[in-house]
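In the numbering used here, the protein residues as written are 6 to 328. Glycine included, every Cβ here is placed at the ideal spot set by N, Cα and C.
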């Protein structure tokens, strides 16, 4: 498939009083047209920072210090602020973790949605309203036209998330970034939102970057999977390969730590230790303090992301040696 977004050696750091937090440290990634890429990893590994970097929404003390973010071959990091504002919401949209903090409580839902349309499309008020109602109906908001006059606090968490999805889709973006879109919802609503995203992906033909720590969601929605650990991508392949033949010890540990219906185990495995400090990450492989396969070389040499089989990339010195 044709490449839509290509990230090359992206580095985003936070300059704090305690030191430099290397939240994203040399990430390479490709998202193709019409593809859903699942980005997984533990909390604190840099997933959300990567999303905000793509949107150019990093605020001080954070700074994008290097790399490229190519959208259709054009580097977003070289654009001025005005050009980037035209990209956001138009070519790239983002659904944030908490819809309650993404909607302005002093404006009606209709006002906020229509503003998103008029900011990017040359349409009048009536045309904008018609478009908003149509998209709200698509995401399952009942009595969509009447609900335009509603205030954010009058909607449930699930409805707010549907509104945020509608806002992200109003201009039919090429890329939709969904950062933990179901993390604050109960299981029933989660299932509805995921089914909605799956359906809308085919209706709008958008690519999706799905950020989550839930591997079940990844298995349900993703075409490809990138596994992130301590600011770096450690494994990348199509979803079937990741679940059937994971090669990085961290990916294997993640998969063994979740319950599966096809296996009977008395006790799930846990990953020992904690995610390392991104101010002073371990030398060599950043996973080596928690890896049962680590040897002396892993403590000294930093592994690079290499293609070990067609379309399957792994950053590990012991690929092929561990069972």
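Quick check on DSSP: helix, strand or coil for residue i?
{"i": "residue 102", "result": "coil"}
{"i": "residue 63", "result": "coil"}
{"i": "residue 177", "result": "coil"}
{"i": "residue 87", "result": "helix"}
{"i": "residue 9", "result": "strand"}
{"i": "residue 154", "result": "coil"}
{"i": "residue 326", "result": "coil"}
{"i": "residue 201", "result": "helix"}
{"i": "residue 193", "result": "helix"}
{"i": "residue 58", "result": "helix"}
Decide if residue i is buried, meaning its Cβ has at least 16 other Cβ atoms within 10 Å, or exposed.
{"i": "residue 204", "result": "exposed"}
{"i": "residue 241", "result": "buried"}
{"i": "residue 256", "result": "buried"}
{"i": "residue 129", "result": "exposed"}
{"i": "residue 302", "result": "exposed"}
{"i": "residue 21", "result": "exposed"}
{"i": "residue 110", "result": "exposed"}
{"i": "residue 308", "result": "buried"}
{"i": "residue 60", "result": "buried"}
{"i": "residue 62", "result": "exposed"}
{"i": "residue 160", "result": "buried"}
{"i": "residue 88", "result": "exposed"}
{"i": "residue 101", "result": "buried"}
{"i": "residue 168", "result": "buried"}
{"i": "residue 207", "result": "exposed"}
{"i": "residue 30", "result": "buried"}
{"i": "residue 245", "result": "exposed"}
{"i": "residue 112", "result": "exposed"}
{"i": "residue 106", "result": "exposed"}
{"i": "residue 192", "result": "exposed"}
{"i": "residue 288", "result": "exposed"}
{"i": "residue 186", "result": "buried"}
{"i": "residue 273", "result": "exposed"}
{"i": "residue 293", "result": "buried"}
What residues match up with residue i in a beta bridge as DSSP calls it?
{"i": "residue 318", "result": "241 and 312"}
{"i": "residue 92", "result": "Looking at the DSSP assignment, residue 92 forms no beta bridge with any residue, so it has no partner."}
{"i": "residue 182", "result": "99 and 214"}
{"i": "residue 78", "result": "DSSP, once it has assigned bridges, lists no residue as partnering residue 78."}
{"i": "residue 232", "result": "45 and 240"}
{"i": "residue 73", "result": "13"}
{"i": "residue 68", "result": "18"}
Since I believe residue j is in contact with residue i (beta carbons under 8 Å), could you give me their beta-carbon distance rounded to a whole number of angstroms?
{"i": "residue 214", "j": "residue 44", "result": "6 Å"}
{"i": "residue 276", "j": "residue 220", "result": "In fact, because the Cβ distance is near 13 Å, the residues do not count as touching under 8 Å."}
{"i": "residue 32", "j": "residue 15", "result": "5 Å"}
{"i": "residue 165", "j": "residue 104", "result": "4 Å"}
{"i": "residue 40", "j": "residue 228", "result": "5 Å"}
{"i": "residue 51", "j": "residue 325", "result": "Not confirmed; about 27 Å, so no contact."}
{"i": "residue 179", "j": "residue 96", "result": "5 Å"}
{"i": "residue 140", "j": "residue 171", "result": "5 Å"}
{"i": "residue 194", "j": "residue 163", "result": "4 Å"}
{"i": "residue 259", "j": "residue 26", "result": "23 Å between Cβ atoms; not a contact."}
{"i": "residue 10", "j": "residue 76", "result": "6 Å"}
{"i": "residue 234", "j": "residue 291", "result": "6 Å"}
{"i": "residue 94", "j": "residue 153", "result": "Contact flag wrong, Cβ pair sits at about 19 Å."}
{"i": "residue 320", "j": "residue 253", "result": "7 Å"}
### Query
Enumerated in chain order, which unbroken segments of the alpha helix (DSSP H) with a length of 4 residues or greater are wholly contained in the stretch 96 to 147?
For the alpha helix (DSSP H) assignment, the uninterrupted runs of no fewer than 4 residues enclosed by the stretch 96 to 147 are, from N- to C-terminal side, 104 to 107, 114 to 125 and 130 to 143.
### Query
Where in the stretch 247 to 311 do unbroken runs of the alpha helix (DSSP H), each at least 4 residues long, occur, reported from the N-terminal end onward?
Runs of the alpha helix (DSSP H) inside the stretch 247 to 311: 254 to 261 and 301 to 305.
### Query
In the stretch 11 to 54, which residue ranges form an unbroken beta strand (DSSP E) of at least 3 residues, counting only runs that do not cross its ends?
Listed in chain order, the complete beta strand (DSSP E) runs (minimum 3 residues) inside the stretch 11 to 54 are 24 to 37 and 41 to 45.
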